[in-house]
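Contents: one structure, followed by commentary.
Number of protein chains: 2
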Amino acid sequence: MRLVVIGGDAAGMTAASVVRRRRDDADIVVIERGHYTSYSMCGIPYYVAGSIGQPEDLVARSPAEFRDAGMTVHMRTEATAIDPDRRVVTVRDLDRDAERTEPYDALLYATGAHPRVPDLPGLDRHGYVVHTLDEGAQLRDALERRDDVRTVAIVGAGYIGLEVAEALIERGLAVHLIDRGPHVMRTLDADMAARLEKILSDFGVQLHLGESLTAIHADGSHCREVVTDRGCYEANAVVLAMGGTPNVALARAAGCDVGPSGGLVVDNRMRTTVPGVWAAGDVVESRDLVAGRRLNVQLGTHANKQGKVAGIDIAAHPGEGDAAFPGVVGTAVTRLCDWDVARVGLTEREAKDARIAYGAVSFTGTATAGYMPDPGVVHVKMLAQRETGRVLGAQLLGTGNVAKRIDVAAVWCQLGVTVQDAQFFDLSYAPPFGGVWDLLLVAARKLTAELGLSPQL
Amino acid sequence: MRLVVIGGDAAGMTAASVVRRRRDDADIVVIERGHYTSYSMCGIPYYVAGSIGQPEDLVARSPAEFRDAGMTVHMRTEATAIDPDRRVVTVRDLDRDAERTEPYDALLYATGAHPRVPDLPGLDRHGYVVHTLDEGAQLRDALERRDDVRTVAIVGAGYIGLEVAEALIERGLAVHLIDRGPHVMRTLDADMAARLEKILSDFGVQLHLGESLTAIHADGSHCREVVTDRGCYEANAVVLAMGGTPNVALARAAGCDVGPSGGLVVDNRMRTTVPGVWAAGDVVESRDLVAGRRLNVQLGTHANKQGKVAGIDIAAHPGEGDAAFPGVVGTAVTRLCDWDVARVGLTEREAKDARIAYGAVSFTGTATAGYMPDPGVVHVKMLAQRETGRVLGAQLLGTGNVAKRIDVAAVWCQLGVTVQDAQFFDLSYAPPFGGVWDLLLVAARKLTAELGLSPQL
């Protein structure tokens, strides 16, 4: 059995490793365009900040380690075509500029996504993306090498954009953060996002929301300013953090269906619509277990799980291999300016888009018991379905005990737990970690009352 | 409707408040033996440590506030008898030494527990307990007033004993910690407890495990040393933290059934076996949702929920009041010497006692992504039922991101989730909070393999 893996990051190498362990007879060939395998994309902002020493520190397993494990790993090699009838992939060695073909019995398509970049003059020279470790290393290298970079414009106020904003301010740079949306982080509701904007502003981030980048003004090699539809800001470099677009082109050309989310259509075994071709990671779409939508969610957690499931299915002899990826509930966290930001499930806008009647509650509690020294703050929001009380989503913004607390709401979302039941869960309590009623229990209790459901504690 | 509440702490006052809100016609009378209502017992060690200024800081609502809300609150008043046929409680005013009766339509028995104290000469003079806020205040007062107290012996290595040990060391005292068990914290398995013992020893706690207090040697008012069956240790005061015994006496005398756990038998509406008498809080036994046992668990979280449920049922007109307390899964956390200790469900010993065939895995991970500066340590243990894979329990001991993480395992325990399913949950991930595979997902994955269940990711 010959497996060809296109893309040597989380999804691809997880699948390859599973197949390696399960099938002695498998011949495994990995095609990776960049210089690194299996690295933590989420760690890139911390590398840019300087709190991590070397790019290699983010690498979980190197090409050499995979080779030692019995795989063939071709680095700096790009797949250029797939012929699903002949089961052959055409690949190009980027350094030697030489093309050849790789036959396969099974193909795992784990090409990830590429960063969205607007088509503006000057971005080729002064724009940076931080989508791959190579790119993250280029940005930090530029910041350390160039002393004319004092102010940076970041375009895109999602997780990566905000994390990089903090990283650059920690490096002593001034930061303009530009996003065309009315708020930072569109995965939060406006009320929660507004609180986060205050935190970012206080930290020194200069926010320009509701604005789109329109031009870059440079004097030769020196970037001077960026221009938006509403203003003009000093900037010596531009970081583009506008999200990613799934790299579906080759798979689509080979006949794989692409869903409305822009990701490849796969079943719960990670099989594409073309026989012999599996896909996993940032390139696929996943089922949202809350609203039933199909979403393209680009996160390492999903990539790893999907890679495992794909590997099990690829390695399976007939009748074996019963792993199935159930879907996602949109769990995400980050830490920004010493605040933890966490969310799961649907925002109000998403609930409306999904035509789900909902109730929502918001309140502010403390991160520890209120009587402890420095009890901190946690802003809480929770949504539940109006008729049934089913937990639809939660958002937390706080100074502590937030990230892993969202996971409780994630489990409730994934299992369809109602707020009526949720208020009775035996959640932990001790003064350093919260009040006697966990904030999520309080939220469930308030929502039960808000929706007029029973029992109202 | 006349409600008499015996015991003015979490369970009693929560119930009283619910009835107050739901029934304008209710006449509510609260009988409380001590000086405080509705305080955080879990905060007492922090008050002893000195990180909280006044005992009153731990009080959520004072007698005056309850009176303002329209209740009659008798402080320093003790119930001495219940006549369930005439529906009358006999009470004694402790300051005036005067007895009288209080008639009731509904009686809420929320008398809590009293500390276990061995019958040894000298303990009356040199022994302290920290079960009530009055007692906690007495201990701190003694520590601040007496300069001859340099070394303290603590008897009992449960949550309170260990928290007080840390508090006293932070106050500059030497601490001998004595427990007759072979390990600290019997709610943990021996392997996890041993790790905690190392942490406590490194912090300066002198552990004497497998030893029982047998005598106290004093020179008049000055306590000199404590004697155990295996040694003799300098100590100028003794803190007894040997757990609590439910205060069931009056209820038992009135005919209420007491369960094998020592707590009052109640149904899920918190009704005792005697008509017109409800009970809630540390005095009752609860159903363990993992093993089906009945347990007496003395925790504020349960007291509050049970108080709500009792209040709803007491306030209910016929056909109303559908709140039911579902039971507990044994969730508990604390912070000790900058480590978080958390547990839920069954230990190995408890699983054996319940005759549940189980598998267990233990491993050590990091509190953040491994490549972050100072990634910390988290020791993880998880148990699952051998045949079904059902999550039976988990124990975590770590330097961060532990307390609220145990709640995910608590929800799994409470809902009967299997490790096979658990490994697919969409739990949060970002480098400051852990690796891309949450430690609980790793544990579930390892257990699935350990038990030979499918799918094995």
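So the protein sequences, as listed, match chains A and B.
According to the numbering used here, the stretch in the first sequence is residues 59 to 515, in order.
According to the numbering used here, the stretch in the second sequence is residues 59 to 515, in order.
Even glycine gets a Cβ: it sits at the ideal position worked out from N, Cα and C.
This one's a predicted model, so the numbers in the text were calculated from it and none came from an experiment.
Task: Run of the alpha helix (DSSP H) containing residue 421 (chain B), from where it starts to where it stops - done: Translated into the one-based positions of the second sequence, residue 421 (chain B) becomes position 363. DSSP places residue 421 (chain B) in no alpha helix (DSSP H) but in the uninterrupted beta strand (DSSP E) bounded by 416-423.
Open item on the list: Considering only the alpha carbon of each residue, which of A:351, A:494 and A:182 lies closest to residue 410 (chain A)?
Closed with: Translated into the one-based positions of the first sequence, residue 410 (chain A) becomes position 352. Measuring C-alpha to C-alpha distances from residue 410 (chain A) to each of A:351, A:494 and A:182 identifies A:351 as the nearest.
- [ ] Thinking residue 399 (chain A) and residue 455 (chain A) are a contact (beta carbons under 8 angstroms), I'd like their distance in whole angstroms, please.
- [x] Taking the first sequence and counting its residues from 1, the one referred to as residue 399 (chain A) is at position 341. Taking the first sequence and counting its residues from 1, the one referred to as residue 455 (chain A) is at position 397. Between residue 399 (chain A) and residue 455 (chain A), the beta carbon gap of about 5 angstroms places them in contact (Cβ cut-off 8 angstroms).
TODO: Determine, using beta carbons only, whether residue 217 (chain B) and residue 392 (chain B) come nearer to each other than 7 angstroms.
DONE: The sequence position of residue 217 (chain B) within the second sequence is 159, counting from 1. The sequence position of residue 392 (chain B) within the second sequence is 334, counting from 1. Note that the C-beta distance between residue 217 (chain B) and residue 392 (chain B) is below 7 angstroms.
Open item on the list: Once the 5 residues before and after residue 402 (chain B) are set aside, which same chain residues still bring their CB inside 7 angstroms of it?
Closed with: Residue mapping note: residue 402 (chain B) aligns to position 344 of the second sequence, counting from 1. If we look at residue 402 (chain B) and ignore the five residues flanking it on each side, its Cβ neighbours are 387, 388, 389, 451, 452, 464, 467, 468 and 471.
Open item on the list: Counting only beta-carbon separations shorter than 7 angstroms, does residue 358 (chain B) have a partner in chain A?
Closed with: Your numbering for residue 358 (chain B) matches position 300 in the second sequence. Taking Cβ atoms only, chain A reaches closer than 7 angstroms to residue 358 (chain B), which makes this a yes.
Open item on the list: With the cut-off set at 7 angstroms, would you say residue 299 (chain B) and residue 281 (chain B) are in Cβ contact?
Closed with: Translated into positions along the second sequence, residue 299 (chain B) becomes position 241. Translated into positions along the second sequence, residue 281 (chain B) becomes position 223. The Cβ atoms of residue 299 (chain B) and residue 281 (chain B) do not sit closer than 7 angstroms to each other.
Task: is_contact[residue 167 (chain A), chain B] using C-beta, thresh 7 angstroms - done: Locating residue 167 (chain A) in the first sequence gives position 109, counting from the first residue. False, the Cβ-Cβ gap to chain B never drops below 7 angstroms.
TODO: Keeping to the same chain, check which residues put their C-beta closer than 8 angstroms to that of residue 181 (chain B); ignore five residues upstream and five downstream.
DONE: Here the question's residue 181 (chain B) lines up with position 123 in the second sequence. Answer for residue 181 (chain B): 175, 274, 296 and 298, listed in chain order.
Open item on the list: So residue 396 (chain A) and residue 457 (chain A) are supposed to be a Cβ contact under 8 angstroms. How far apart are they, rounded?
Closed with: What you label residue 396 (chain A) is simply residue 338 of the first sequence in a count that begins at 1. What you label residue 457 (chain A) is simply residue 399 of the first sequence in a count that begins at 1. The Cβ separation is near 7 angstroms, so the contact holds.
Task: 8 angstroms Cβ shell around residue 480 (chain B) - same chain, five flanking residues per side excluded - done: Here the question's residue 480 (chain B) lines up with position 422 in the second sequence. Within the same chain, and ignoring the five residues on either side of residue 480 (chain B) in sequence, the residues whose Cβ sits closer than 8 angstroms to its Cβ are 449, 470, 498, 499 and 502.
TODO: Taking residue 311 (chain B) as part of the alpha helix (DSSP H), name the residues at either end of that continuous run.
DONE: To locate residue 311 (chain B), count along the second sequence from 1; it is residue 253. Residue 311 (chain B): member of the alpha helix (DSSP H) spanning 307-311, first to last residue.
Task: Chain-ordered chain A contacts of residue 67 (chain B) [CB-CB under 8 angstroms] - done: Reading the second sequence from its first residue, position 9 is the one you call residue 67 (chain B). At a beta-carbon threshold of 8 angstroms, none of the residues of chain A lie near residue 67 (chain B); the nearest stands roughly 11 angstroms away.
Task: Contiguous beta strand (DSSP E) assignments of at least 3 residues, all confined to the region 99-181 of chain B - done: DSSP runs (the beta strand (DSSP E)) wholly in the region 99-181 of chain B: 130-132, 135-141, 146-151, 156-161, 164-167 and 171-173.
- [ ] Return the bridge partner residues of residue 374 (chain B) from the DSSP annotation.
- [x] The sequence position of residue 374 (chain B) within the second sequence is 316, counting from 1. Residue pairing of residue 374 (chain B) in beta bridges, as defined by DSSP: absent, with no partner found.
Open item on the list: Taking 8 angstroms as the limit between beta carbons, can you name the residues of its chain near residue 125 (chain B), skipping five residues before and five after?
Closed with: As a position in the second sequence, residue 125 (chain B) is number 67, starting the count at 1. Around residue 125 (chain B): 131.
Task: Same chain, Cβ closer than 6 angstroms to residue 232 (chain B), five either side skipped, listed in chain order - done: Residue numbering aside, residue 232 (chain B) sits at position 174 when the second sequence is read from its first letter. Within its own chain, the residues whose Cβ lies closer than 6 angstroms to the Cβ of residue 232 (chain B), once the five positions on either side in sequence are excluded, are 209, listed in chain order.
Task: Exposure label - residue 383 (chain A); buried when at least 16 CB within 10 Å - done: The residue given as residue 383 (chain A) occupies position 325 in the first sequence. Under this definition residue 383 (chain A) is a buried residue.
TODO: Mind checking the region 385-408 of chain B against chain A and listing, in chain order, the residues whose C-beta falls within less than 7 angstroms of any C-beta there?
DONE: Contacts with chain A (Cβ-Cβ distance below 7 angstroms) from the region 385-408 of chain B involve 386, 387, 389, 390, 391, 392, 393 and 400, listed in chain order.
Open item on the list: Just to make sure I have the definition right: I need the residues of chain B whose C-beta is within less than 8 angstroms of the C-beta of residue 206 (chain A). Which are they?
Closed with: Residue mapping note: residue 206 (chain A) aligns to position 148 of the first sequence, counting from 1. Those within 8 angstroms of residue 206 (chain A) in chain B number zero; the least Cβ separation is about 29 angstroms.
- [ ] Could you spell out the range, first to last residue, of the alpha helix (DSSP H) harbouring residue 217 (chain A)?
- [x] For the purposes of this step, residue 217 (chain A) is taken as the residue at position 159 of the first sequence. For residue 217 (chain A), the enclosing alpha helix (DSSP H) stretches over residues 217-228.
Open item on the list: Out of A:98, A:61, A:418 and A:345, which one is the CA nearest neighbour of residue 86 (chain A)?
Closed with: Numbered from 1 along the first sequence, position 28 holds the residue referred to as residue 86 (chain A). Residue A:61 is the option with its Cα nearest to residue 86 (chain A).
Open item on the list: Can you pull out the residues from the region 450-471 of chain A whose beta carbon lies closer than 9 angstroms to at least one beta carbon of chain E?
Closed with: No chain E appears in the structure shown, which is made up of the protein chains A and B.
Task: Simplified DSSP assignment, three categories, for residue 288 (chain A) - done: As a first step, residue 288 (chain A) is located in the first sequence; it is residue number 230 there, counting from the start. Coil at residue 288 (chain A), not helix or strand.
Open item on the list: Which residue marks the beginning of the alpha helix (DSSP H) containing residue 70 (chain A), and which one marks its end?
Closed with: Start at 1 with the first residue of the first sequence, and residue 70 (chain A) comes out as number 12. Residue 70 (chain A) -> alpha helix (DSSP H) spans 68-80.
TODO: With DSSP collapsed to three states, give me the class of residue 248 (chain B).
DONE: Along the second sequence, one-based indexing puts residue 248 (chain B) at 190. Under the three-state reduction of DSSP, residue 248 (chain B) is assigned to helix.
Open item on the list: Residues in the same chain with beta-carbon distance under 8 angstroms from residue 446 (chain B), minus the five sequence neighbours each way, listed in chain order, please.
Closed with: Start at 1 with the first residue of the second sequence, and residue 446 (chain B) comes out as number 388. Once the five neighbours on either side are set aside, the close Cβ partners of residue 446 (chain B) are 476.
TODO: Mind checking who residue 335 (chain B) pairs with in its DSSP beta bridge?
DONE: For the purposes of this step, residue 335 (chain B) is identified with residue 277 of the second sequence, where counting begins at 1. Residue 335 (chain B) is bridged by DSSP to B:165.
Task: Cβ-Cβ distance between residue 116 (chain A) and residue 92 (chain A) below 7 angstroms - done: Residue 116 (chain A) sits at position 58 when you count from the first residue of the first sequence. Residue 92 (chain A) sits at position 34 when you count from the first residue of the first sequence. Contact: no.
- [ ] Would you mind sorting residue 482 (chain A) into buried or exposed? The rule is 16 or more other CB atoms within 10 Å of its CB.
- [x] Within the first sequence, residue 482 (chain A) is the residue found at index 424, counting from 1. Buried is the call here.
Open item on the list: Let's see if you can read the secondary structure: which residues bound the beta strand (DSSP E) around residue 500 (chain B)?
Closed with: Within the second sequence, residue 500 (chain B) is the residue found at index 442, counting from 1. It is not in any beta strand (DSSP E) - residue 500 (chain B) instead sits in the alpha helix (DSSP H) that spans 497-508.
Open item on the list: DSSP three-state label for residue 469 (chain B), please.
Closed with: Taking the second sequence and counting its residues from 1, one reaches residue 469 (chain B) at position 411. For residue 469 (chain B), the secondary structure class from DSSP, reduced to helix, strand or coil, is helix.
Open item on the list: Rounded to the nearest angstrom, what separates residue 460 (chain B) and residue 110 (chain B) at their Cα positions?
Closed with: Here residue 460 (chain B) is taken as the residue at index 402 of the second sequence, counted from 1. Here residue 110 (chain B) is taken as the residue at index 52 of the second sequence, counted from 1. Cα to Cα, the separation comes out at about 24 angstroms.
Open item on the list: Distance cutoff 7 angstroms, beta carbons only. Does residue 109 (chain B) sit that close to anything in chain A?
Closed with: As a working mapping, residue 109 (chain B) is identified with position 51 in the second sequence. Proximity of residue 109 (chain B) to chain A, defined by a Cβ-Cβ separation below 7 angstroms, is satisfied.
Open item on the list: Just to make sure I have the definition right: I need the residues of chain A whose C-beta is within less than 7 angstroms of the C-beta of residue 326 (chain B). Which are they?
Closed with: Sequence index remark: in the second sequence, residue 326 (chain B) carries index 268 (1-based). The contact set of residue 326 (chain B) on chain A, defined by CB atoms closer than 7 angstroms, is empty, because the minimum CB distance reaches about 10 angstroms.
Open item on the list: Among B:135, B:354, B:73 and B:64, whose alpha-carbon lies nearest the alpha-carbon of residue 318 (chain B)?
Closed with: Walking along the second sequence from the start, residue 318 (chain B) turns up at place 260. Taking only the C-alpha atoms, the option nearest residue 318 (chain B) is B:354.
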